[in-house]
Every structure is written in structure tokens, then in C-alpha cells.
Amino acid sequence: MTYLPQDLPLPEPSPDDQPYWDACDQRELRIQRCAKCTRFRHPPTPICPSCRSPKACWTQVSGNGTVFSYTIAHFATHPVLKDALPYNVAVVLLDDADDVRIISNVIDIAPEKMAIGLRVSLVWQPLRNGGYLPRFSGRDHSLATVTTP
Amino acid sequence: MKLPKTIASLADKTAIVGIGTTEYTRRGGITDRTEFQLCCEAIEDAAKDAGIPVTEIDGFCSYTGERHEPVLVQVALGLPEMRYSNMVWGAGGGGCSGSVMNAALAVHGGICKYAVAYRSLCQGQYERYGQYRPRPMGGSYMAPYGLMSPGQMTALTFRRHMHLYDTPVEALGHIAVTFREHALRNPRAIQYGKPLDLKQHSTSRMIADPFRLFDCCLESDGAAAVIVTTQERARDTRFHPARIVAAAQASGPGWGIGPMGSHNMPIKDYHTTNSRAVSGHLFEMAGMGPNELDCAQIYDAFTGLVLMALEDYGICPPGEAAKFVMEGNLSWQRAGKLPCNTAGGLLSEAYLQGFNLILEAVRQIRGTSTAQVTDARTCLVTSGGGQGHKSALILAS
């Protein structure tokens with residue numbers, strides 16, 4: 001069981017972000033990072049906005065993070081979402097990738113428990129094309145340990 | 001040679017001399033004409049309003065999403081010559097005031113004589129903006145997670161504003177109700193004759209928390225256009241011209257497509273509408289400050305955007321827009337400090353991706369609004385709330 005139906009639109013990798021999605025298929029969260037000044041950036045861009053170097057590497061991160069913002073969707077913006085309502089969409093600030101945020105879902109939390117500052121950790125959920133999508137779990141974390149971003 | 005501070009500045013050189021519209025309806029409400037026909041109709045109406053033959057129009061400007069391109073509009077209307085064709089690249093509604101700025105640049109630069117800025121949008125004949133649409137840029141990072149509509153996307157930025165400033169969600173209701181009260185005076189408004197109170201707002205169904213149904217703009221059918229020319233030429237037109245005293249378009253560093261993309265804009269700007277840069281350039285060109293505005297038309301695709309824009313444009317200090325709104329300061333009926341969206345806005349008049357706000361600003365300057373601010377001499381128009389760069393105008397009598 002995935003958090004949202006598997007019939008949702010799939011990621012469509014482009015030449016600029018293929019390595020990100022290739023890593024996801026291997027269940028590794030790898031964020032683009034400048035090979036020269038070591039700054040993380042997301043989504044992938046052709047050159048480093050800090051030092052303009054075109055050389056990048058893809059660094060695996062812990063997948064731990066904090067909910068930076070969220071919404072609860074109560075309206076189906078796609079026919080396959082009709083039976084999935086309500087669901088959350090979260091912007092997760094990663095612990096170890098500068099200020100990089102990942103849009104995702106927190107798969108195991110009630111809508112009324114969603115909060116900015118919630119600690120989350122990475123989980124992988126399968127896509128219908130054999131790939132994987134990074135999502136997050138809020139389990140085993142309590143609001144008492146929150147550090148507000 | 002001593003050059004002025006801003007070389008060949010566009011400041012106070014051009015004017016809007018004609019406004020034209022079709023009727024506005026809910027999505028699917030116009031079935032007897034195509035969107036392209038409505039586009040032509042609005043342009044003809046604007047020429048008539050300006051008191052010029054439509055054949056005088058030789059410049060064409062619009063912004064992202066407009067389907068009817070200048071050469072085809074020229075053919076459709078049988079116009080003798082097209083000398084300027086311009087489309088704001090990207091930014092969705094953020095390009096709306098930019099299209100008027102480009103029209104002003106063209107006539108000021110002598111490229112053409114009468115430039116029309118126009119927008120036609122029939123969500124009943126084409127796709128709905130509130131539903132999933134493929135987004136070539138950034139879509140991979142949103143759609144697989146069910147993040148698909150602008151309402152959901154800007155709910156994320158506004159949620160952050162609530163978190164940082166303890167913004168009371170009740171302020172949203174005050175915005176929706178105030179703009180509806182303005183629409184009740186405007187027979188063109190889609191929500192004309194449909195009163196709304198705070199309780200109806202706070203009990204309406206949730207769409208994308210914290211945005212409820214009445215926090216979201218309409219999905220509409222309609223078209224609108226404005227004619228721009230030099231102030232010199234404007235002396236011959238029918239109505240008192242609305243001088244374009246300032247126009248600007250800008251994007252802050254690292255914003256990109258912002259909430260319609262991956263949400264990685266700089267953390268210090270996340271809870272904004274990315275309008276601080278455009279505000280700075282706009283007021284500099286106008287040689288005035290936000291406290292000198294008599295009224296404003298603020299891009300209200302979602303109520304939360306209005307609070308963030310009031311702060312971005314320096315009308316309120318950061319975090320204080322909710323208080324300003326809840327004191328009734330946007331209300332024409334309650335003689336607020338800055339009556340806003342006096343025709344009902346995108347929430348209650350129509351959603352032409354911001355363009356109907358420009359027409360209402362012109363009416364305020366002419367003195368013909370259905371919620372006319374007494375002696376209105378200046379009016380701000382802002383464009384855009386989420387995606388890409390932003391643009392704005394200051395019109396004056």
C-alpha cells in the first residue's frame with residue numbers, strides 16, 4: 001500500500017535531473033552538490049549558483065529532516081485522488097543538505113497531527129514503473145523533540 | 001550631456017486610454033462564442049472605449065497562457081499592420097502588469113502607436129487551472145505527491161507565514177467577505193447578488209488547508225483588453241487617460257518558479273509573494289511611497305496571497321497585514337485606509353489571471369468604479385502570487 005494511488009503521474013526525468021531519479025530507483029536519496037564549493041542544490045540545475053562551476057556530484061544524505069511547511073488536501077485535483085482524501089503534502093527541510101527541501105508526503109500521521117517542526121525520516125515507496133519515490137515517516141518522533149526550522 | 005537618473009525612464013510617459021471586456025461568467029458559462037471570438041470582442045471594445053478605430057492598433061502584448069497570438073488576432077480583426085508582438089515569458093499571472101509595461105515601452109519607444117494588452121481565458125472551453133495539468137518544469141517534484149493545484153501550492157507558502165507571524169486564519173475570511181461586498185455593487189461580477197458572511201466563509205468546505213472554498217478565486221470565462229499609448233497621443237482619446245506613472249517586473253534571487261516548482265526559494269523569502277523586488281523598483285520609478293496610494297488592486301487568486309502582498313509592497317510591516325485587514329482597511333464600505341479590489345477581485349468579480357484588476361484600476365482613476373474611492377488619484381495594481389516573477393503598475397489621474 002502506497003500513501004497515494006500508484007496511478008498518479010510519474011516523475012519525468014530530464015537530462016538535468018536524471019541522476020536524481022536514477023538514485024531514487026536504487027532507493028538512495030542523492031542530492032546534487034557542487035564538486036567545487038560543496039554547496040547542495042535542489043532541484044538539479046546545470047551549474048552551481050554559488051560558484052558557477054558546472055562540475056557536480058550526487059551526495060547521499062541521511063533522509064532525516066523537519067517539516068518546513070505543509071497543507072492538507074481535501075479536494076481531488078486528479079481523478080485518482082478521489083479516494084485518497086484527505087492527504088498531506090509536506091515540504092521537508094533535510095538535516096544534512098544545506099537549505100534543500102524536498103516536497104513529499106508524511107505517510108503515517110493524522111491530518112490534525114501535522115505540524116511545522118515535526119521530525120521525519122525517509123521511507124521508500126514503489127512506483128508502478130518499478131522505480132521508487134522518497135516519502136517520509138513521522139513515527140517514533142514526538143513534537144517534544146522538535147527543533148523549529 | 002546630463003542624463004536623468006533613470007535613462008529614458010518610462011515613468012509617467014504613457015497612459016491607458018481604453019478598456020474593453022466581454023461579460024464574465026463562471027467556467028463554462030459562455031457557450032455562444034469561442035475564446036478567440038471573446039478575445040477579438042474585448043479588443044474591439046477597448047478601441048471603442050478609447051475612441052479610436054480598431055485599425056489603429058499596431059502593437060500586441062499578453063502574458064503566459066494566452067492562446068491567441070498577435071498575428072492571428074491581427075488577421076481575425078483585419079488590421080492593416082502589426083508592428084509589435086510581445087509575450088511575457090513565464091510567470092503566469094505574474095506577467096499580467098508586465099504585459100501593460102511592455103505595451104508602454106513599445107509606444108514610448110516609438111515602435112508602435114497604439115498597443116493593446118489583452119487576456120482571454122475560458123476555463124470552460126480549455127483546461128481548468130484548479131485541476132492537475134502537466135507542468136514541464138518542476139512537475140516531477142510535485143505531481144507524484146499529489147501537489148497539483150495553485151491553491152495547494154500557495155497554501156504551503158501561506159502556512160509558513162502563519163507559522164512565523166501567528167497569522168490568524170480569521171483574516172482570510174475578512175478578505176473574502178470584503179471583496180465580496182465590493183462585488184455586490186458591481187453588476188459585471190460573477191458573484192454579484194450573492195452575499196457572503198464570515199460564518200459562511202469559515203464553514204465552507206476545506207480545499208487545501210488553510211484555504212477553504214471562499215479563499216480560492218473563481219474559474220471563469222471571459223476576456224479583457226486595454227489600449228496603451230503615449231500621453232501626448234492620449235490627449236485625443238475619449239476618456240481622461242489613466243497615466244502609467246510606474247511599471248515594473250522583477251524576481252528576487254533564487255525564487256525561480258517558487259511554489260509552482262520545488263519550493264526551494266530562499267528560506268527568508270519563502271513566506272512571501274516574491275514581490276519585494278518589484279515593489280522597490282515600482283515606487284522608485286513612481287517617486288512615491290506606499291502610504292501615498294489611494295486604492296489598490298491586489299492579485300487575489302487566494303486570500304492568503306493578499307496578506308503576503310500587503311507586506312511585500314510595504315503597505316504593512318512584515319507580520320502586520322492580518323491586523324490591518326481585520327480592522328477593515330481594505331473595505332470601501334467601511335472607508336478603510338486602502339480600499340482594495342473594489343470590483344470584487346479575482347475572488348468575486350472574475351479570474352482573468354489578474355487582468356480584470358487592471359481595468360478596475362483604470363475605472364478608479366476615471367472615477368467610474370461601482371465602489372468609487374473619493375478623489376482617487378493613484379491606484380496600485382499587483383500581478384502574481386506564486387509562480388515566477390511578479391509585476392505591478394501604479395496608475396494616476
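Same order as they appear, the protein sequences are chains U and W. Take the first sequence: its position 112, counting from 1, is numbered 112 in this note's numbering, and each next residue is one higher. Take the second sequence: its position 388, counting from 1, is numbered 388 in this note's numbering, and each next residue is one higher. Don't be surprised by glycine CBs; every beta carbon is placed ideally from N, CA and C. Model, not experiment: these values are computed from the prediction.
Item to check | Near-chain W residues of the region 99-118 of chain U (beta-carbon distance less than 7 Å), N- to C-terminal order | outcome: D99, V100, R101, I103, S104, N105 and I116
Checklist entry - With distances taken between CB atoms, is the gap from L29 of chain U to G65 of chain U smaller than 8 Å? => result No, Cβ-Cβ distance for L29 of chain U and G65 of chain U is not below 8 Å.
Checklist entry - Can you tell me whether DSSP reads S9 of chain W as helix, strand or coil? => result coil
Checklist entry - Are G93 of chain W and A301 of chain W close, meaning C-beta to C-beta below 8 Å? => result yes
Checklist entry - By Cβ distance, which residues of its chain are closer than 6 Å to F239 of chain W, with the 5 residues on each side in sequence left out? => result R366
Item to check | chain W contacts made by the region 65-77 of chain U, where a contact means CB separation under 8 Å | outcome: F68, S69, Y70, T71, I72, A73, H74, F75 and T77
Item to check | Three-way DSSP call (helix, strand, coil) for S14 of chain U in this model | outcome: coil
Checklist entry - Comparing the C-beta of D49 of chain W with each C-beta of chain U, is any distance below 8 Å? => result no
Checklist entry - Are any of the Cβ atoms in chain W nearer than 8 Å to that of E28 of chain U? => result no
Item to check | Top-ranked residue by Cα proximity to A117 of chain W, from W:A42, W:L305 and W:A371 | outcome: If we check each option's Cα against that of A117 of chain W, W:A42 comes out closest.
Checklist entry - Hey, out of W:R26, W:A376, W:L393 and W:H161, whose CA is closest to Q125 of chain W's CA? => result W:R26
Checklist entry - Can a CB atom of chain W be found closer than 8 Å to the CB of L10 of chain U? => result yes
Checklist entry - Would S279 of chain W be called buried (16 or more neighbouring beta carbons within 10 Å of its own) or exposed? => result buried
Checklist entry - For S142 of chain U, which residues of its own chain have a beta-carbon under 7 Å away from its beta-carbon, when the five flanking residues on both sides are left out? => result Because S142 of chain U sits at a pLDDT of 49, beneath the cut-off of 50, its placement in the model cannot be relied upon, and the point is left open.
Next on the checklist: Measuring alpha carbon to alpha carbon, tell me which residue in W:G258, W:L172 and W:A115 is nearest L307 of chain W.
Outcome noted: Comparing Cα positions, the closest option is W:L172.
Checklist entry - Taking the C-alpha atoms as reference points, what is the distance between V100 of chain W and G319 of chain W? => result 31 Å
Next on the checklist: To the nearest angstrom, how far is the alpha carbon of L127 of chain U from that of L10 of chain U?
Outcome noted: 8 Å
Checklist entry - Does the beta carbon of D209 of chain W sit closer than 8 Å to a beta carbon anywhere in chain U? => result yes
Item to check | Opposing strand residues paired with Y87 of chain U [DSSP bridges] | outcome: Note: Y87 of chain U sits in a beta bridge opposite U:A73.
Next on the checklist: Quick test of your reading: V120 of chain U and H42 of chain U, contact by CB under 8 Å. State the CB separation rounded to the nearest angstrom.
Outcome noted: 17 Å between Cβ atoms; not a contact.
Checklist entry - List, in order along the chain, the chain U residues whose C-beta lies closer than 9 Å to that of A322 of chain W? => result Here the premise fails: no neighbours, minimum Cβ distance about 18 Å.
Next on the checklist: Give me, in chain order, the residues of the same chain whose beta-carbon lies closer than 6 Å to that of Q294 of chain W; leave out the 5 immediate sequence neighbours on both sides.
Outcome noted: The residue you asked about is not Gln; residue 294 of chain W is Asp in the sequence shown. Correct list, in chain order: V373, A376, R377 and T378.
Checklist entry - Which residue comes first and which comes last in the beta strand (DSSP E) that contains A242 of chain W? => result That run of the beta strand (DSSP E) goes A242 to A250.
Checklist entry - Is there at least one Cβ from chain U nearer than 8 Å to H201 of chain W's Cβ? => result Not one chain U Cβ lies under 8 Å of H201 of chain W.
Checklist entry - Among W:T382, W:Y129 and W:D45, which has the Cα closest to the Cα of L218 of chain W? => result W:Y129
Checklist entry - Touch check for the region 72-86 of chain U and the region 232-248 of chain W: three-plus C-beta pairs under 8 Å? => result no
Next on the checklist: Any beta carbon from chain U within less than 8 Å of S369 of chain W's own beta carbon?
Outcome noted: no
Next on the checklist: Helix, strand or coil for T145 of chain U? Go by DSSP, reduced to three states.
Outcome noted: Only weak support exists for where T145 of chain U lies, its pLDDT of 47 falling under 50; the value from the coordinates is given anyway. It is helical.
Checklist entry - How would you call P53 of chain W, buried or exposed, if buried means at least 16 neighbouring beta carbons within 10 angstroms? => result exposed
Next on the checklist: Taking the beta strand (DSSP E) that K390 of chain W belongs to, which residues open and close that run?
Outcome noted: Bounds of the beta strand (DSSP E) holding K390 of chain W are K390 to A396.
Checklist entry - DSSP state of G59 of chain W, grouped into three classes? => result strand
Checklist entry - Would you call the CB atoms of S140 of chain W and P13 of chain U closer than 8 Å? => result yes
Next on the checklist: Check for me: the beta strand (DSSP E) holding C295 of chain W runs from which residue to which?
Outcome noted: Annotation for C295 of chain W: the continuous beta strand (DSSP E) segment containing it runs C295 to Q297.
Item to check | Meets three-Cβ-pair contact criterion under 8 Å: the region 185-195 of chain W and the region 64-73 of chain W | outcome: By the criterion of at least three beta-carbon pairs nearer than 8 Å, the region 185-195 of chain W is not in contact with the region 64-73 of chain W.
Item to check | Buried or exposed by the 16-neighbour rule on C-beta atoms within 10 Å, applied to L335 of chain W | outcome: Residue 335 of chain W is actually Ala in this sequence, not Leu. With fewer than 16 other Cβ atoms within 10 Å, it is exposed.
Checklist entry - Once you ignore the five residues that flank E35 of chain W on each side, which residues in its own chain have a CB closer than 6 Å to its CB? => result S120, C122 and Q125
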